[in-house]
Amino acid sequence: MEVAVKPGDLLRQADPERLHRIRHTASHVMAMAVQTLFKDAKVTIGPATEMGFYYDFDRGEPFTPQDLKKIEKEMRRIIKANLPVVRQEFDRATIRAEIEKLKEPYKLEILAAIPEGEVITRYTLGDPNGDKPFWWDLCAGPHLATTGEIHPEAFALESVAGAYWRGDEKNAMLQRIYGTAWETPEQLQAYQQQIEEAKRRDHRKLGKELQLFSIQEDAGGGLVFWHPRGGTMRRLIEDYWKDMHVAAGYELVNTPHVANLDLWKISGHNDFYRESMFDTMEVEEQQYQLKPMNCPFHVLMFKDGLHSYRELPMRWAELGTVYRYERSGTLHGLMRVRGFTQDDAHIFCTEDQIASEIFGVLNLAETVLTTFGFADYEVNLSTRPEKYVGADAIWDKATQALRQALDQKGWVYKVDEGGGAFYGPKIDIKIEDAIGRRWQCSTIQLDFNLPERFDLHYVSEDGARVRPIMIHRALFGSIERFFGILIENYAGDFPLWLAPAQVRLIPVTDAQRDFAEGVAKQMKTAGLRAEVDRSGDRMQKQIRKAELEKIPVMAVVGAKEVESESLSLRTRKTGDLGVVLVTVAIEKMQAAVRNRDWL
RNA sequence: GCCGAUGUAGCACAGUGGUAGUGCAGCCGAUUCGUAAUCGGCAGGUCACGAGUUCAAAUCUCGUCAUCGGCUCCA
Numbered sequence: 021m022e023v024a025v026k027p028g029d030l031l032r033q034a035d036p037e038r039l040h041r042i043r044h045t046a047s048h049v050m051a052m053a054v055q056t057l058f059k060d061a062k063v064t065i066g067p068a069t070e071m072g073f074y075y076d077f078d079r080g081e082p083f084t085p086q087d088l089k090k091i092e093k094e095m096r097r098i099i100k101a102n103l104p105v106v107r108q109e110f111d112r113a114t115i116r117a118e119i120e121k122l123k124e125p126y127k128l129e130i131l132a133a134i135p136e137g138e139v140i141t142r143y144t145l146g147d148p149n150g151d152k153p154f155w156w157d158l159c160a161g162p163h164l165a166t167t168g169e170i171h172p173e174a175f176a177l178e179s180v181a182g183a184y185w186r187g188d189e190k191n192a193m194l195q196r197i198y199g200t201a202w203e204t205p206e207q208l209q210a211y212q213q214q215i216e217e218a219k220r221r222d223h224r225k226l227g228k229e230l231q232l233f234s235i236q237e238d239a240g241g242g243l244v245f246w247h248p249r250g251g252t253m254r255r256l257i258e259d260y261w262k263d264m265h266v267a268a269g270y271e272l273v274n275t276p277h278v279a280n281l282d283l284w285k286i287s288g289h290n291d292f293y294r295e296s297m298f299d300t301m302e303v304e305e306q307q308y309q310l311k312p313m314n315c316p317f318h319v320l321m322f323k324d325g326l327h328s329y330r331e332l333p334m335r336w337a338e339l340g341t342v343y344r345y346e347r348s349g350t351l352h353g354l355m356r357v358r359g360f361t362q363d364d365a366h367i368f369c370t371e372d373q374i375a376s377e378i379f380g381v382l383n384l385a386e387t388v389l390t391t392f393g394f395a396d397y398e399v400n401l402s403t404r405p406e407k408y409v410g411a412d413a414i415w416d417k418a419t420q421a422l423r424q425a426l427d428q429k430g431w432v433y434k435v436d437e438g439g440g441a442f443y444g445p446k447i448d449i450k451i452e453d454a455i456g457r458r459w460q461c462s463t464i465q466l467d468f469n470l471p472e473r474f475d476l477h478y479v480s481e482d483g484a485r486v487r488p489i490m491i492h493r494a495l496f497g498s499i500e501r502f503f504g505i506l507i508e509n510y511a512g513d514f515p516l517w518l519a520p521a522q523v524r525l526i527p528v529t530d531a532q533r534d535f536a537e538g539v540a541k542q543m544k545t546a547g548l549r550a551e552v553d554r555s556g557d558r559m560q561k562q563i564r565k566a567e568l569e570k571i572p573v574m575a576v577v578g579a580k581e582v583e584s585e586s587l588s589l590r591t592r593k594t595g596d597l598g599v600v601l602v603t604v605a606i607e608k609m610q611a612a613v614r615n616r617d618w619l
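Numbering (my numbering), first residue to last: 21 to 619.
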């Protein structure tokens, strides 16, 4: 189901610079409106965002949806009054006195945070000397020239939410009001359409409707149940993943879900990752830990035996299920859960092998992601942070190797200087879905820490014991999350090879039931997932049900079809395909599955 | 975890102090039908859970759990 007008196209026409001014000014207009209506509200900050703006207020009571309507109305009044927006420069002492007059404690904090020597500016709405309304905020700008430049029908207040002052949960909880603003009402509409589209694709909604998975209160939050249809899809995804990895020179391994806490002490996780771990459990007076990561297990396996340089690189892959404590408020469908399966792999190699191994991972990532319809990536390389372990020389060499691999791949990438983990540099890949949202899935991370902590080594050509390089990588990130992204990307309309039920056989009357069952059996033998509608409903109803279940192919069987050993095919993608022989229908579907295409 | 909202049948929702309702789905019966809903009947809920207020609680209060929108964090 394609959207008639692609909202994204309309939104891309917008001028980013002007949008920024509109939103920033809208946030000031909102703050003015709030302080007009609610005298006790203290202002804090109110920036423009990617899709709109927000402003945080300190106020005893939270705002209600009714308040938002009032605020919107007041904003329209301010816009219609067409107040001038004036930038004024101030010296620190004068502006401090002005802020003190207004009794705005947060603004004083903001002022104190402005470095010496920087120009201090305020923006006023309205004329300070006239009798028109007047309001101002300490702000770097930029803004529109007048409030009237905001189109009164191209903005909307969206929601209220709590937010911490300066994003720190130790600070006071402020009341944030989110809004959106655009150049034209058409753009606003397109934006709202896009939100509707995202809602339509919501994996939580589709997951329930299509009976793919559930998360059950009785079991606890963040724990996923894969129902038969979702389970079928997971099997397909995992089988594909395994085949690709074996083909790419990986070996598949399996490791336990719990281990002695001592292991996590050696790995360091018990210190720096404790707050994300489930509590320990006691077994025969020993402490055991549910695993939050797979890496220490693979390290232990590497340690179990002496390795020659001739064995390297060793590539060990595992669909490893890990458990992490996530705070209840952060759980979100499949995207953020407490138990999930990483498509993990660890590569142990020599320093000289880094570049070629990374290149191999990039190629594999591209192959795998493209298969699921993701061909556009945003790639980031993160380099050495302030605090780190490992020698400078190896950091430099490794970072250089990552660059070399990316250049060889020919991918455009951004460098996040100092954004790497303390134990090594990394490459992150974000994929873009069908409606332009970006998701971080793949990550490739060098680790100079674990080999050191576990004292890993291999025997080199000259008989010396050498520390191997450890590369940690995941392509999907987590199967659960990737599945959620897949559902939203395809809006539940999966390509034939992934669809949990590929073809629904629809007998026109009960007289065709046996024939349909026979065809279904034939299809199953041919490796297709076929089902017969045994409800006895009218054909129209059967078609409707299959459409709502988003089954890609419907095969209607009436008296004529039985007579000619054929099927009347109808697909979700292209509609009526006409009558074809059963054998031909099977071949067509098999071909579509092979090509990972729709029918 | 924090701020706010929500939790009624498998699903979508109505019900604001007086014994719990509608549609779809399910089951039974009739219908045997040609590309998105045939008709009739039946059954299904200690109103998330626990406490309290009240003669009386889905409805009011408190607590717990879960979900939703954010904050923070992240696969």
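Here a beta-carbon is modelled for each residue, glycine too, at the ideal position from N, C-alpha and C. What you are looking at is a predicted structure, and each value in this text was computed from that prediction instead of being measured.
- From the DSSP output, read off the bridge partner residues of Q307. Beta-bridge pairing links Q307 to E302.
- Query: According to the Cβ coordinates, are N280 and Y308 closer than 8 Å?
  - Reply: In this structure, Y308 lies closer than 8 Å to N280 by Cβ.
- Message: Taking the beta strand (DSSP E) that G359 belongs to, which residues open and close that run?
- Response: DSSP places G359 in the uninterrupted beta strand (DSSP E) bounded by 359 to 369.
- Taking the CB atoms as reference points, tell me whether G440 and P405 lie closer together than 8 Å. Contact flag set, yes.
- Message: Considering only DSSP beta bridges, list what K446 is partnered with.
- Response: Residue pairing of K446 in beta bridges, as defined by DSSP: S402, Q465.
- Would you mind giving the Cβ-Cβ distance between E621 and V552, rounded to the nearest angstrom? I have them listed as a contact below 8 Å. Any answer about residue 621 is impossible in this case: the structure gives the chain only from 21 up to 619.
- 8 Å contact criterion, which H247 and L226 should meet: CB distance rounded: Not a contact, Cβ separation roughly 13 Å.
- For G595, which of helix, strand or coil comes out of DSSP? The DSSP-derived three-state label of G595 is strand.
- Just tell me which of Q522, F360, L495 has its CA closest to the CA of I235. Nearest of Q522, F360, L495 to I235, Cα basis: F360.
- Message: Count Cβ pairs between the stretch 543 to 550 and the stretch 593 to 613 that sit closer than 8 Å; are there 3 or more?
- Response: Flag = yes, the stretch 543 to 550 and the stretch 593 to 613 touch.
- Message: Which residue marks the beginning of the alpha helix (DSSP H) containing E500, and which one marks its end?
- Response: Taken as a continuous stretch (DSSP letters only), the alpha helix (DSSP H) holding E500 covers 499 to 510.
- Message: Is it the case that the stretch 215 to 226 contacts the stretch 49 to 68, given that we only count it when at least three CB pairs across the two stretches are under 8 Å?
- Response: Judged by Cβ distances under 8 Å, the stretch 49 to 68 makes no contact with the stretch 215 to 226, as fewer than three pairs qualify.
- Using the DSSP secondary-structure output, state which residues sit across from K407 in a beta bridge. Partner(s): none; K407 has no beta bridge.
- Counting Cβ pairs, one atom from each stretch, are 3 or more of them under 8 Å apart for the stretch 131 to 144 and the stretch 157 to 175? Between the stretch 131 to 144 and the stretch 157 to 175 there are three or more C-beta pairs closer than 8 Å, enough to call the two in contact.
- Measure the Cβ-Cβ separation of A454 and G380 and say whether it is below 8 Å. With respect to the 8 Å criterion, A454 and G380 are not classified as neighbours on the basis of their beta carbons.
- Buried or exposed for T403, please, with buried defined as at least 16 other CB atoms from any protein chain shown within 10 angstroms of its CB. That one is buried.
- Task: With a 10 Å radius around its C-beta and 16 neighbouring C-beta atoms as the bar for buried, classify A117 as buried or exposed.
- Result: Exposed is the call here.
- Starting from H492, follow its DSSP beta bridges and name the residues at the other end. Assignment of beta-bridge partners to H492 by DSSP yields H366, Q465.
- Task: Specify whether the stretch 342 to 355 and the stretch 327 to 334 touch according to this definition: at least 3 beta carbon pairs, one from each stretch, less than 8 Å apart.
- Result: No, they do not touch.
- Message: Please classify D650 as buried or exposed, where buried requires at least 16 other C-beta atoms within 10 Å of its C-beta.
- Response: A question about residue 650 goes unanswered here, because the residues of the chain that appear run from 21 up to 619.
- alpha helix (DSSP H) segments (min. 4 residues) lying fully within the stretch 53 to 121: For the stretch 53 to 121, whole alpha helix (DSSP H) runs of length 4 or above, ordered along the chain, are 85 to 100.
- Message: I'd like the list of long-range same chain contacts for A181, defined as Cβ closer than 6 Å, with 5 residues on each side in sequence excluded.
- Response: Taken in chain order, the residues that qualify are R196.
- Task: Measure how close the beta-carbons of Q465 and K446 come, nearest whole angstrom, since I'm counting them as under 8 Å.
- Result: About 4 Å separates the CB atoms of Q465 and K446; that is less than 8 Å, so the two are in contact.
- Item | Helix, strand or coil at P527 according to DSSP, with G and I counted as helix | P527: strand per DSSP, three-state reduction.
- Item | L476 - DSSP class collapsed to helix/strand/coil | Three-state result, L476: coil.
- Can you give me the Cβ contacts of C369 inside the same chain, cut-off strictly under 8 Å, excluding the 5 residues immediately before and after it? The beta carbon of C369 sits closer than 8 Å to those of L332, P333, M334, E377, P488, I489, I491, all from its chain and outside the five residues before and after it, given in chain order.
- Task: Rounded to whole angstroms, what's the CA-CA distance from V23 to T204? Just pull it up for me.
- Result: Note that V23 scores a pLDDT of 42, beneath 50, so its modelled location is shaky and nothing firm can be said.
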